[in-house]
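Residue numbers (our numbering), protein chains in the order written: chain H, 133 to 712; chain X, 83 to 635.
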């Protein structure tokens with residue numbers, strides 16, 4: 133499972149990144165803090181003025197006018213503080229998600245080819261969402277909370293340090309419980325998220341495979357999987373609920389305790405004439421006012437943790453070690469050569485066991501062989517996606533995986549069965565290989581692949597016209613024609629077309645790609661028949677290599693393959709047609 | 083959760099009501115604990131006022147201790163009620179979410195093959211992820227809404243009890259504040275909706291990049307797509323700032339309007355204290371009430387917002403619950419088998435115990451096999467009984483196509499049929515499909531990723547074939563079962579499939595001579611009807627359209 137999942141950033145990395153984010157806009161941040169502080173201070177006037185009223189200092193009318201002034205000031209300040217904070221938050225959020233996408237599009241090729249993108253999908257949706265909720269709500273609330281608490285504590289001290297001391301009773305329980313909680317919460321919420329993702333993934337799978345479920349009568353099995361996922365989710369939810377069952381009551385008591393303590397201490401001090409009734413009133417109201425921000429702060433800790441774990445997953449996408457380091461060597465020519473290439477995905481299980489192959493410039497080489505013989509692995513090595521475990525795969529004398537990615541793409545391109553239609557116009561789907569390509573060239577490329585889909589300006593992919601699997605492959609091949617590298621590797625690139633269409637496409641492709649080196653892996657032997665050379669791969673080795681006719685004459689495995697595939701009665705078909 | 087049946091043309095409240103009816107106990111507990119919690123909060127200003135009046139102003143230490151004790155007791159009630167309310171809210175949320183996921187899952191499995199034609203996968207998945215949470219949130223927030231209303235009522239009556247004038251001021255003032263803040267709400271909601279829309283598009287764009295990453299990394303265009311994402315992300319940022327502008331007006335008003343009411347109460351209270359009609363403690367209590375009332379007012383706003391979103395989600399869930407399969411559920415006729423299966427529209431007849439091959443265009447193949455498999459309605463008879471009347475159609479026929487998906491999970495169990503079968507049957511199926519090397523390469527217990535991603539196209543196809551063979555239905559229809567497999571393996575599979583299916587009915591839809599030379603009978607269909615049948619050599623000689631379909635020259 134670990135090989136399939138991308139890494140998650142460590143706490144230290146998350147903290148470092150959060151600091152970078154915060155300090156990137158120092159002036160905006162300072163403005164937000166100043167506005168919130170001013171708003172918090174103006175909010176502290178009312179209890180103080182009420183205290184004055186209680187003590188009979190100043191006329192009720194004057195105090196009321198002052199109160200109105202402070203309330204208006206607070207209202208205005210809160211509005212602008214909020215706006216400034218939200219603007220900053222949106223900016224940071226935009227940077228965050230854009231940087232995530234930047235990291236995603238830099239992910240090592242070999243990782244994506246082998247591990248797929250399932251894990252990334254949930255990061256780019258769920259985690260980005262969770263993160264934005266955090267930044268849009270938890271962060272501003274936390275800023276307000278911290279600023280308000282600090283201002284209130286200062287006001288409490290100014291009102292009377294003796295009374296202020298009373299609220300210290302809340303600190304030990306708050307500290308202990310919060311620490312206990314925070315130590316467990318992160319993992320708890322991560323597990324909760326993972327369990328929820330299992331539920332939605334299972335649902336998506338059922339939806340996507342609805343036909344299969346019906347045909348095979350798997351409904352009960354899918355429902356059972358759903359029940360298991362729900363049971364697992366419930367276990368995870370119950371754990372965090374237990375954490376909160378400890379946290380919440382402690383918090384509530386921690387709020388009531390200082391109010392009671394201030395009241396009691398104040399009453400006793402008042403009896404000795406050490407504080408006035410007004411001071412006591414102000415102190416009690418301040419302590420009560422602390423409840424709101426402290427509660428918000430602690431409540432948001434949850435979301436902070438969630439946002440933190442999402443951030444860890446977003447940052448983790450950048451933690452995949454690069455699979456290639458450009459050596460700086462300059463290739464002499466573009467000829468690709470394999471020398472004693474061995475490859476194993478798992479130690480001890482070699483998929484390729486000593487492949488030697490020198491590609492001739494401009495040749496068409498077909499690779500055939502039984503399923504599981506290592507053809508696709510060979511294709512990935514030829515295309516510089518994976519480096520051989522031992523031996524060498526070079527272009528112009530330089531290992532393919534030592535070329536910078538841009539140079540590699542100018543040297544060799546790989547098209548596999550796995551294709552994707554991007555949401556956008558047909559032209560958008562082609563222009564990704566060159567933004568300035570004129571429409572005429574796009575059309576020419578589409579003609580070369582016998583395109584029968586919608587016109588260039590029609591929206592396809594998500595939210596647009598649906599393309600058939602065959603059209604998706606045609607589009608991918610058109611893209612390849614436009615990219616035009618000297619060497620192309622086609623791994624079953626026409627397998628989803630029906631036989632006739634595939635053959636037509638391959639022939640028109642051959643005309644367009646004249647002069648390029650084309651390596652085609654295909655189970656349809658017409659491809660081999662039309663190629664200059666055929667390589668038969670069996671059990672991780674090239675067992676036969678040569679032109680179709682030569683191999684037929686040699687009467688080896690290829691000849692056997694051809695006879696069985698072509699069918700024993702090829703001549704009959706032509707005769708019968710001639711008869712008509 | 084019990085299936086509520088199809089929603090018909092009822093409004094979005096229906097599903098919310100169905101959910102509520104499913105958990106009356108939890109809702110009652112939520113509201114009950116919410117009310118207890120609200121009351122324990124509402125009494126705090128009153129207790130404080132008493133403590134000040136009796137304990138401090140009256141200099142009665144024992145009263146001070148007593149009222150402090152009452153305050154602490156209220157705190158304990160608060161802690162208990164808050165925690166219990168939270169726990170039952172979580173249960174309600176989860177209950178609603180779990181129940182809804184199960185309901186829509188059951189709808190998806192019941193709709194079966196017709197599902198993709200009726201609703202897009204993306205829409206279904208977003209129902210399963212987003213809308214399920216949203217309706218659950220409506221139920222969860224219900225408890226908070228009830229306690230907010232009770233709080234407002236309790237505080238108002240406490241105030242009326244100590245000063246009618248001040249009580250009335252608050253009683254009129256609170257709804258007035260709500261009314262004054264209301265016009266600020268609609269621009270906020272409008273912008274928030276726009277923001278969500280843009281954000282949804284942005285997420286779609288990210289998903290698109292991720293799904294096509296293989297392609298992007300392979301041929302380039304990362305910068306182009308990242309830049310495009312950046313542009314959309316900036317649009318979301320601008321829209322977010324617009325939301326913030328509207329929201330900031332709202333939050334300013336949330337301070338200003340209750341603040342002014344607070345000043346009014348304090349000012350009137352201070353004058354009452356001055357003329358002796360109100361005690362200092364009571365003034366502090368009034369101040370406390372007016373401050374405290376802001377919170378439940380905010381909650382009411384939140385409840386309104388979430389409920390509105392909840393009705394939208396509920397409508398989308400109901401659209402899923404209304405889905406029906408194209409073909410009604412199986413009939414009731416118990417028919418002894420085996421019997422020939424006849425498709426009237428094309429004239430294709432599958433004789434029991436034989437391996438038949440169908441050579442036809444992809445469109446004809448799809449239409450005929452959908453009818454044979456009862457995935458689409460059609461005039462198909464089993465013996466002389468209409469196929470739709472047969473009770474156990476699903477057990478009798480299986481149409482295996484290449485669009486079938488492999489499900490995530492341990493490999494071997496995911497290939498085993500729904501009914502329990504001896505392990506030997508599965509092993510045999512794997513052997514016939516020549517998939518033993520695939521199983522060996524990962525290990526039989528290995529967990530397969532969704533859609534069998536880690537396997538190549540040919541490997542996936544052989545695993546699918548093994549699964550179809552293991553199901554061992556009376557009638558098995560295989561559509562292009564070896565199109566992604568190399569010739570050697572294809573020939574080997576074609577050679578052993580007949581003996582393996584001995585005594586059962588099999589249809590292979592293919593154009594490969596490797597199959598056509600080995601089956602018992604070949605049927606050629608053009609434009610929807612059988613135009614020729616016989617053996618492969620007969621048809622090659624007799625039908626030019628057949629010859630051109632199967633020719634490999």
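Where a beta carbon is used, it is the ideal one built from N, C-alpha and C, also for glycine.
Let's see if you can read the secondary structure: which residues bound the beta strand (DSSP E) around residue i?
| i | result |
| --- | --- |
| residue 492(H) | Where residue 492(H) is concerned, there is no enclosing beta strand (DSSP E), given that its DSSP letter is neither H nor E. |
| residue 603(X) | 603-608 |
| residue 696(X) | No information on residue 696(X) is available, as it lies outside the stretch 83 to 635 that chain X covers here. |
| residue 557(X) | 557-561 |
| residue 524(X) | Per DSSP, residue 524(X) belongs to no beta strand (DSSP E); it is in the alpha helix (DSSP H), 518-524. |
Which word fits residue i, buried or exposed, when buried means at least 16 other C-beta atoms lie within 10 angstroms of its C-beta?
| i | result |
| --- | --- |
| residue 711(H) | The predicted model places residue 711(H) with a pLDDT of 38, which falls under 50 and marks its position as unreliable, so this point remains unresolved. |
| residue 416(H) | buried |
| residue 708(H) | The predicted position of residue 708(H) is uncertain, since its pLDDT is 38 and thus under 50; no value can be drawn from it. |
| residue 213(X) | buried |
| residue 549(H) | buried |
| residue 568(H) | exposed |
| residue 507(H) | buried |
| residue 547(H) | buried |
| residue 706(H) | Legend: pLDDT at residue 706(H) = 39, less than 50; position of this residue unreliable, no value from coordinates given. |
| residue 135(X) | buried |
| residue 584(X) | exposed |
| residue 134(H) | Residue placement at residue 134(H) is flagged as unreliable, the pLDDT there being 39, under the threshold of 50; the coordinate-derived value follows with that caveat. Result: exposed. |
| residue 703(H) | Confidence in residue 703(H) is poor, its pLDDT being 41 and thus under 50, which makes the residue's placement unreliable; the coordinate value appears in the next sentence. It counts as exposed. |
| residue 289(H) | exposed |
Considering residue i, what are the terminal residues of the alpha helix (DSSP H) in which it resides?
| i | result |
| --- | --- |
| residue 248(X) | 246-293 |
| residue 567(H) | Looking at the DSSP string, residue 567(H) is not in any alpha helix (DSSP H), and its letter there is neither H nor E. |
| residue 615(X) | Element bounds for residue 615(X): not the alpha helix (DSSP H) but the beta strand (DSSP E), 611-616. |
| residue 374(X) | 362-374 |
| residue 315(X) | 304-356 |
| residue 513(X) | 505-514 |
| residue 579(X) | 569-582 |
| residue 158(X) | 143-193 |
Going by C-alpha distance, which of the options is nearest residue i?
| i | options | result |
| --- | --- | --- |
| residue 566(X) | 578(X), 553(X), 592(X), 311(X) | 592(X) |
| residue 273(H) | 454(H), 620(H), 427(H), 147(H) | 427(H) |
| residue 614(H) | 665(H), 560(H), 663(H) | 560(H) |
| residue 168(H) | 206(H), 255(H), 623(H) | 206(H) |
| residue 512(X) | 524(X), 503(X), 496(X), 551(X) | 551(X) |
| residue 231(X) | 356(X), 358(X), 113(X), 621(X) | 113(X) |
| residue 516(H) | 473(H), 555(H), 139(H), 638(H) | 473(H) |
Given the structure, does residue i come close to the ligand SAM, in the sense that its CB is under 7 Å from one of the ligand's heavy atoms?
| i | result |
| --- | --- |
| residue 680(H) | The ligand SAM is absent from the structure shown, which contains no ligand whatsoever. |
Is the CB of residue i under 8 Å away from at least one CB in chain B?
| i | result |
| --- | --- |
| residue 369(X) | In the displayed structure, chain B is absent; the protein chains listed are H and X. |
Positions along the segment 310-322 of chain X whose CB lies within less than 9 Å of some CB in chain H: 310, 311, 312, 315, 316, 318, 319, 320, 321, 322
Which whole runs of the beta strand (DSSP E) in the segment 644-684 of chain H are 3 residues long or more, in chain order? 649-653, 665-670, 673-678
The segment 349-360 of chain H: positions lying closer than 7 Å to chain X by Cβ: 349, 350, 351, 352, 353, 354, 355, 358
Using a Cβ cut-off of 8 Å, which residues of the segment 478-498 of chain X contact any Cβ in chain H, in chain order? 480, 481, 482, 483, 485, 486, 487, 489, 490, 491
Taking beta-carbon pairs under 9 Å, can you tell me which members of the segment 254-276 of chain H lie near chain X? 255, 256, 257, 258, 260, 261, 264, 268
Using a Cβ-Cβ cutoff of 9 Å, what residues of the segment 177-191 of chain X are near chain H? List them in chain order. 179, 180, 183, 184, 186, 187, 188, 190, 191
Which runs of the alpha helix (DSSP H) fall wholly inside the segment 458-528 of chain H and span at least 4 residues, in chain order? 507-514
Between the segment 278-297 of chain H and chain X, which residues of the former have a C-beta closer than 7 Å to a C-beta of the latter? none
Tell me the start and end of each unbroken alpha helix (DSSP H) in the segment 421-470 of chain X that is at least 4 residues and wholly inside, in chain order. 444-454
With 8 Å as the C-beta to C-beta threshold (strictly closer), list the residues of the segment 589-612 of chain H near chain X in chain order. 593, 594, 595, 608, 611, 612
The segment 150-166 of chain X: which residues have C-beta closer than 8 Å to a C-beta of chain H, in chain order? 150, 153, 154, 156, 157, 158, 160, 161, 162, 164, 165
What residues in the segment 432-446 of chain X have a beta carbon less than 8 Å from any beta carbon of chain H? 444
Counting only runs that start and end within the segment 202-238 of chain H, where is the alpha helix (DSSP H) found for 4 or more residues in a row? none
Note down, in chain order, all residues in the segment 300-331 of chain H with a beta-carbon under 8 Å from any beta-carbon belonging to chain X. 331
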